[in-house]
Structure formats: C-alpha cells, structure tokens
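First the structure, in the form of structure tokens, and then the observations on it.
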C-alpha cells in the first residue's frame, strides 16, 4: 500500500512537471506570436513611402498631409485640422486589416472611387466631414483585408494621384498663441499632443468593437479625435469627430448644439463593425478652454476610456 502511494506521488509529480513545461512552451509561443504582431512594418512603410506611427497594441497609422490648401470661414486649416489622408493597419491572423479615409475635391470623387474599387479595396462611405470648406472636401472611406504591403502599394498609387505626385509640405509646428494646453488637458481629462499645427486628443472607446471576427484596435477609427487649432489670444478652432453607438448619438448632438457647437455631419464610416458606430463631426471657434469644456461635456455622454483609464 505504501509502495502504491509512492508510485502515485511520483506519477503526479511527473505529470505536474510536464504541465509546467507545456505552460512555459505555450507562454513562449504566445510571446513569439505577440512579438510577431508587434513586428516592425518596414515593408508597409516602404510601400507607402511614409513613416507610420505604431501604437502600443502593434497597429500602425499613416497620416499623409494633403497638398491642397483648405480654408473654412476664412481660416486656413492646419494639416491636423482635417487635412490628412489617414490609413490604419492592424494584424488580423496571418494578414492585415486596413481602414482609411481619403480627402478629395468633388471633381475627384468618381475617379478616386473607381481607383479604390479597381485595386480590390472596398469603398465603405462617401460624405463630407465639415461644411463651407473651400474647396469643398469629400471623404472616401475605404476598407481592405490581405497582405499589408500590397494594400499599401495600392493606397500609395491613389494618394499620389490625389496629391498629384507631390510631397506635402512639412507638418506645421505647433504655436500655442495664448492657449494654455495644461488647462485643456485638465478639462478634457487626458494628455494631448502637439502635432500638425494643432493640439490634439484621441479618446478611445471603452467597449470592444468587432469587425469580421477581430477586435478592432482603438486606432482603427473607433476613437474620438478632437483637435484645437490656435487662432490667437487664447482662441481656437475646434474640430471633433465623436465615434458613437446608437444610444449615444442624440445626447451628444443635443449637448453640442445646445452649447453653440455646429454639428456638420452624422453618418457611418464602416459597414460590418459590431456594435455599429456612428460619427458626429462638429466645428466651432472661440475661447479654447470654453470649447474644451463643451467637448468634455459631450464626451461624458459616451462610453470612453480617458486619462489613466486608457493606459
């Protein structure tokens, strides 16, 4: 009986050791896969002809400035103020998923849409973001799934056509012009970044958005960007693009309009995401801190991660 107990104990210990080894191998395999997910995107950057911005979860964003000058209500918009073509890639299995938006003039919509479709990418939305821009800018939203470098080559052909093969001028340096960015951070509840001439926020949603079997990275058009373009004496032009679920649309629209913010568009960007998202675009000028307070009030109507919650 004692011998059987010893034998059982030996078998148990052997089994436990095997499980620990398997667990270690599995962890290493996971780490290897995770490293692969976070691998550099050099081939994609080479195909795009641009350096991308890699997020902590391994997704990459390309923001390509327009060569076109755009004004709104007499204000020349900075690159960060709706003058970037943007393309976001994330790993999806052994391939990649891409969502993007291309800003074009009305006269370019047909040709660019045709180019997107002929390249094998999908057009998922065509609409304005702002009103009264000169020239009037229309946004073509696109989607793709496949080899990321191949998709990048196709996108490069399209952006070269839209930008007429010219490189955009260097991104404008941020000048506060009386805006207290520390105060804006306090009001919004997050740390902004000075880029493209504006002071910008990117507020991710707290829920998980699925598309075609994958959970989307926050950079894949499921966050709320807000940009402040300094105008002088502490004033700014604010542009917001709230990414909302169905039940959040009306409260956000009501909050914005009740406080003098012009809602300029309401629409979808994608087709197969779950739950469905709707996008509320808005524009206003005035005291930067006051505008930030209204933006925060509208953000409070949404399910977001903000500040330390988003780290």
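In UniProt numbering, the protein residues as written are 1 to 311. Even for Gly, the Cβ is constructed at its ideal location relative to N, Cα and C. No experiment lies behind these values; they were computed from the predicted model shown.
Inset, instruction - Compute the distance between the beta-carbons of residue 100 and residue 142, then report whether it is under 8 angstroms. - result: As a working note, residue 100 is residue 100 in the chain shown. As a working note, residue 142 is residue 142 in the chain shown. Contact: yes.
Inset, instruction - Just tell me which of 76, 50, 75, 97 has its CA closest to the CA of residue 85. - result: Here residue 85 refers to the residue found at position 85 of the chain shown. Considering only alpha carbons, the answer is 50.
Inset, instruction - For the stretch 116-128 and the stretch 232-241, state whether three or more C-beta atom pairs, one from each stretch, are separated by less than 8 angstroms. - result: no
Inset, instruction - Could you tell me the distance, in whole angstroms, from the CA atom of residue 184 to the CA atom of residue 196? - result: Here residue 184 corresponds to residue number 184 of the chain shown, with the count starting at 1. Here residue 196 corresponds to residue number 196 of the chain shown, with the count starting at 1. Their Cα atoms are separated by approximately 17 angstroms.
Legend entry - Rounded separation between residue 209 and residue 173 - CA only: For this step, residue 209 is matched to residue 209 along the chain shown. For this step, residue 173 is matched to residue 173 along the chain shown. If I take the Cα positions, the gap works out to 34 angstroms.
Inset, instruction - Could you tell me the boundaries of the beta strand (DSSP E) in which residue 95 lies? - result: In the chain shown, the residue the question calls residue 95 occupies position 95. Looking at the DSSP string, the run of the beta strand (DSSP E) that includes residue 95 is 95-105.
Legend entry - Residue from 129, 288, 66 with nearest C-alpha to residue 343: Outside the shown range of the chain (1 to 311) lies residue 343, about which nothing can therefore be said.
Legend entry - Short CB-CB distance (under 8 angstroms) between residue 142 and chain C: Of the chains in the structure shown, none is chain C; there is only one protein chain.
Inset, instruction - Classify residue 110 as buried or exposed, calling it buried when 16 or more other Cβ atoms lie within 10 Å of its own Cβ. - result: Position 110 of the chain shown, counted from the first residue, corresponds to residue 110. Label assigned to residue 110: exposed.
Inset, instruction - Using 10 angstroms around the beta-carbon of residue 227, count the other beta-carbons present and answer buried if the total reaches 16, otherwise exposed. - result: By 1-based counting over the chain shown, the position of residue 227 is 227. Per the 10 Å Cβ criterion, buried.
Inset, instruction - Kindly list the residues whose CB is nearer than 6 angstroms to the CB of residue 62, restricted to its own chain and excluding five residues on each side of it in sequence; keep chain order. - result: Position 62 of the chain shown, counted from the start, is the residue given in the question as residue 62. Only 48, 50, 52, 87 meet the Cβ criterion.
Inset, instruction - Just confirm the distance between the C-beta atoms of residue 156 and residue 67, as a whole number of angstroms; I'd bet it's less than 8 angstroms. - result: On the chain shown, residue 156 is found 156 positions in, with the first residue counted as 1. On the chain shown, residue 67 is found 67 positions in, with the first residue counted as 1. Not a contact, Cβ separation roughly 15 angstroms.
Inset, instruction - Could you tell me which uninterrupted alpha helix (DSSP H) segments, each at least 4 residues in length, are contained entirely in the stretch 215-265, listed from first to last along the chain? - result: 246-258
Inset, instruction - Identify, in the order they occur along the chain, each residue of the same chain with its Cβ nearer than 8 angstroms to the Cβ of residue 135, setting aside the five sequence neighbours on each side. - result: Here residue 135 refers to the residue found at position 135 of the chain shown. Taken in chain order, the residues that qualify are 68, 70, 105, 106.
Inset, instruction - Have a look at residue 224 and residue 152 and give me their C-alpha separation to the nearest angstrom. - result: Looking up residue 224 in the chain shown gives position 224. Looking up residue 152 in the chain shown gives position 152. If I take the Cα positions, the gap works out to 25 angstroms.
Legend entry - N-terminal and C-terminal residue of the beta strand (DSSP E) that residue 323 is part of: Summary: the structure shown does not reach residue 323, with the chain confined to residues 1 through 311, and so no result is reported for it.
Inset, instruction - Going by CA-CA distance only, name the one from 55, 46, 93 that's closest to residue 220. - result: Along the chain shown, one-based indexing puts residue 220 at 220. Considering only alpha carbons, the answer is 55.
Legend entry - Collapsed DSSP secondary structure at residue 373 in the structure displayed: A question about residue 373 goes unanswered here, because the residues of the chain that appear run from 1 up to 311.
Legend entry - Spatial neighbours of residue 32 in its chain, beta-carbon cut-off 6 angstroms, leaving aside the 5 residues before and after: The residue you call residue 32 lines up with position 32 of the chain shown. Bear in mind that the predicted position of residue 32 carries a pLDDT of just 33, short of 50, making it too unreliable to give a figure here.
Inset, instruction - Return the bridge partner residues of residue 211 from the DSSP annotation. - result: As a position in the chain shown, residue 211 is number 211, starting the count at 1. Answer is 214, 273.
Inset, instruction - Could you check how far apart the C-beta atoms of residue 187 and residue 292 are, in whole angstroms? I think they sit under 8 angstroms. - result: As a position in the chain shown, residue 187 is number 187, starting the count at 1. As a position in the chain shown, residue 292 is number 292, starting the count at 1. Yes, they are in contact, since the Cβ atoms of residue 187 and residue 292 sit about 4 angstroms apart, within 8 angstroms.
Legend entry - Inter-residue Cα distance where the pair is residue 330 and residue 77: Since the first residue of the chain shown is 1 and the last is 311, residue 330 is not available in this structure.
Legend entry - 8 angstroms Cβ cutoff met for residue 231 and residue 285: In the chain shown, the residue the question calls residue 231 occupies position 231. In the chain shown, the residue the question calls residue 285 occupies position 285. Cβ atoms of residue 231 and residue 285: closer than 8 angstroms.
Inset, instruction - Just confirm the distance between the C-beta atoms of residue 144 and residue 90, as a whole number of angstroms; I'd bet it's less than 8 angstroms. - result: Position 144 of the chain shown, counted from the first residue, corresponds to residue 144. Position 90 of the chain shown, counted from the first residue, corresponds to residue 90. Incorrect: roughly 12 angstroms between the Cβ atoms, too far for contact.
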